[in-house]
Amino acid sequence: GAVVSQHPSWVICKSGTSVKIECRSLDFQATTMFWYRQFPKQSLMLMATSNEGSKATYEQGVEKDKFLINHASLTLSTLTVTSAHPEDSSFYICSARDPSGRGMNTEAFFGQGTRLTVV
Amino acid sequence: AQKVTQAQTEISVVEKEDVTLDCVYETRDTTYYLFWYKQPPSGELVFLIRRNSFDEQNEISGRYSWNFQKSTSSFNFTITASQVVDSAVYFCALSGSSFGNEKLTFGTGTRLTIIP
Chain A
13 GAVVSQHPSW
23 VICKSGTSVK
33 IECRSLDFQA
43 TTMFWYRQFP
53 KQSLMLMATS
63 NEGSKATYEQ
73 GVEKDKFLIN
83 HASLTLSTLT
93 VTSAHPEDSS
103 FYICSARDPS
113 GRGMNTEAFF
123 GQGTRLTVV
Chain B
87 AQKVTQAQTE
97 ISVVEKEDVT
107 LDCVYETRDT
117 TYYLFWYKQP
127 PSGELVFLIR
137 RNSFDEQNEI
147 SGRYSWNFQK
157 STSSFNFTIT
167 ASQVVDSAVY
177 FCALSGSSFG
187 NEKLTFGTGT
197 RLTIIP
């Protein structure tokens, strides 16, 4: 089946630094990718929709300048947490759909997730 | 607005028992999709099933079965003869069907613990 790869799987960084998380669709082209955030023992909350070749669409309450999203190619979207603070510590997970020949709304393939700890 | 409710926060059952995870949803869309995902301790999301709102047939896959009741806006998930490996957090999710409305709205999850 289709695979979405996310890197790194975990990262520890110092407050004030920036961290980049990559999400790649390995065997299909994804014009749209989604970024979710999950706090411990809580549900996944959509942060933004990443659109290839255009600006990302952010959900209400998500700071665009803090969570920079770039979707420069059909197989890669990146999320950069800028000037990270301890409250940004969380589990970040991306997903993508493979639209080729399967119609809309096939299952969303998820990356492995990235556990970010800001110290 | 879309909403998914998983009222059961945590469930514990003894191995080999059957267990049902409840999911109730709200949507104004006439066509939509429902999903179940499993999240083991490692964190990744494992896709279990996708159901089109037009298809109310129940589905069985091995020990897993799903009961979609459009009249009550429910999409419940049953594991029969549970095993320790079934221990995980299970999420029910909902998305629209139109282009641009593909984002998933997740329920709060049910933490299932299978006791050996």
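Chains as they are written, first to last, in this note's numbering: chain A, 13 to 131; chain B, 87 to 202.
From the three backbone atoms N, C-alpha and C, an ideal C-beta is built for every residue, glycine too.
Original post:
Hey, does Q124 (chain A) have any beta-carbon neighbour from chain B nearer than 8 Å?
Top reply: Taking a beta-carbon distance threshold of 8 Å, Q124 (chain A) counts as an interface residue toward chain B.
Subject >> Test item: CB-CB of R136 (chain B) and F154 (chain B) under 8 Å >> reply: no
Subject >> DSSP state of R114 (chain A) mapped onto helix, strand, coil >> reply: Caution applies to R114 (chain A), whose pLDDT of 49 falls short of 50 and renders its modelled position unreliable; the value that the coordinates give is listed next. R114 (chain A) falls in the coil class under three-state DSSP.
Original post:
Comparing the C-beta of I33 (chain A) with each C-beta of chain B, is any distance below 8 Å?
Top reply: no
Original post:
Which partner residues does E145 (chain B) have in the DSSP bridge list?
Top reply: B:W152
**OP:** Classify S173 (chain B) as buried or exposed, calling it buried when 16 or more other Cβ atoms lie within 10 Å of its own Cβ.
**Re:** buried
Original post:
Going along chain B in order, which residues have a C-beta closer than 8 Å to the C-beta of K44 (chain A)?
Top reply: The sequence shown places Thr at residue 44 (chain A), rather than the Lys named in the question. Using a Cβ-Cβ cut-off of 8 Å, T44 (chain A) is close to E188 of chain B, given in chain order.
Subject >> is_contact[F177 (chain B), chain A] using C-beta, thresh 8 Å >> reply: yes
**OP:** Going by CA-CA distance only, name the one from B:W152, B:Q125 and B:T91 that's closest to Y111 (chain B).
**Re:** Out of B:W152, B:Q125 and B:T91, B:T91 has the C-alpha closest to the C-alpha of Y111 (chain B).
Subject >> Reference I201 (chain B); option with closest CA among B:F192, B:K89, B:A87 and B:E96 >> reply: B:E96
Original post:
Pairing CB atoms from the stretch 100 to 119 of chain B with CB atoms from the stretch 95 to 110 of chain A, are three or more of them under 8 Å?
Top reply: The stretch 100 to 119 of chain B vs the stretch 95 to 110 of chain A: no contact.
**OP:** Could you name the residues of the same chain whose beta carbon sits closer than 7 Å to that of V130 (chain A), not counting the 5 residues immediately before and after it, in chain order?
**Re:** Hits under 7 Å: C25, S27, A96, H97, P98, D100 and S101.
Original post:
Which partner residues does E112 (chain B) have in the DSSP bridge list?
Top reply: Answer by DSSP bridge pairing, in chain order: B:K89.
Original post:
Applying the criterion that 16 or more other CB atoms from any shown protein chain within 10 Å of the CB defines a buried residue, is K89 (chain B) buried or exposed?
Top reply: Under this definition K89 (chain B) is an exposed residue.
**OP:** Spell out the partners DSSP gives S181 (chain B) in its beta bridges.
**Re:** B:Y119
Subject >> Rounded separation between D77 (chain A) and R149 (chain B) - CA only >> reply: Straight through space, the alpha carbons of R149 (chain B) and D77 (chain A) are spaced by roughly 46 Å.
Subject >> Residues of the stretch 65 to 92 of chain A whose Cβ lies closer than 7 Å to any Cβ of chain B, in chain order >> reply: Listed by position along the chain: nothing, the set is empty.
**OP:** Within the same chain, show all residues whose beta-carbon is closer than 7 Å to that of G115 (chain A), passing over the 5 residues directly before and after it, in chain order.
**Re:** A caution first: G115 (chain A) carries a pLDDT of 44, below 50, which makes its placement in the model unreliable, though a value can still be read off. The answer is none, since no qualifying residue turns up.
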